[in-house]
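A quick write-up on the structure given underneath.
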């Protein structure tokens, strides 16, 4: 019995990991205040050696927690605006709400598109085919994505989005902005993103952002990215 149970545990862990990773853009966009820090869908050390446990712990429990706390403080008492409403009209809001609503959405999204699960790291063939058709090759897409991450001066994010025309497009945003905001130069629905703030990689990579970007491909949850893309397509 003990042998059967112990053999079952790894499979159960994988199943739970997959279930935890089944996030949706609708759920994320409709979160309402007071906001809370979401749990990671994996252990802090699960993405090693690409992202070390100490970086993950600090990034999640300190940086992301700060965005949550500061967003709640910035909102007027008893205000129940959801994240989607805040981001879509961020030009009419304070800098504190812009920065912290963006920080909360971006990080909540970011955790879900990472995984240690090898099966979830396999990109669905239909999404891969569209990426190849759009960018010329998968390597060309990766190069464009990494270029946007590298060329973002200072802090920011690089994104793969489904734009207003329903096409895939790569873009970057400064600070904690994202393509859902009405201030974004290229608007659309994010389906993949990477944090290029130094707090996301400096403990392990120091100033080697390019190396961090190249290693990122090894831990992407393409199964989740594809689910986000299906949601983005339905918006059209």
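Numbering (mature numbering (1 follows the signal peptide of the UniProt record, and there is no 0)), first residue to last: -23 to -1, 1 to 213. Heads up, the beta-carbon is just placed ideally off N, CA and C, and yes, glycines get one too.
Here the C-alpha atom of residue 23 lies approximately 19 Å from the C-alpha atom of residue 40. Nearest to residue 122 by alpha-carbon distance, out of 44, 187, 140, 72, is 187. Shown here, residue 59 sits in a strand according to DSSP, grouped into three states. Sequence-distant Cβ neighbours of residue 146 in its own chain, meaning closer than 6 Å and more than five residues away, are 138, 140.
Around residue 85, the same chain offers 5, 15 as residues with beta carbons nearer than 7 Å, after the five sequence neighbours per side are excluded. With respect to the 7 Å criterion, residue 156 and residue 136 are classified as neighbours on the basis of their beta carbons. By the CB criterion at 7 Å, residue 91 and residue 192 fall outside the cutoff. Excluding the 5 residues flanking it on each side, residue 2 has same chain C-beta neighbours closer than 6 Å at 205, 208, in chain order.
Measuring C-alpha to C-alpha distances from residue 165 to each of 172, 200, 210 identifies 210 as the nearest. Annotation: residue 31 to residue 69 spans about 37 Å, alpha carbon to alpha carbon.
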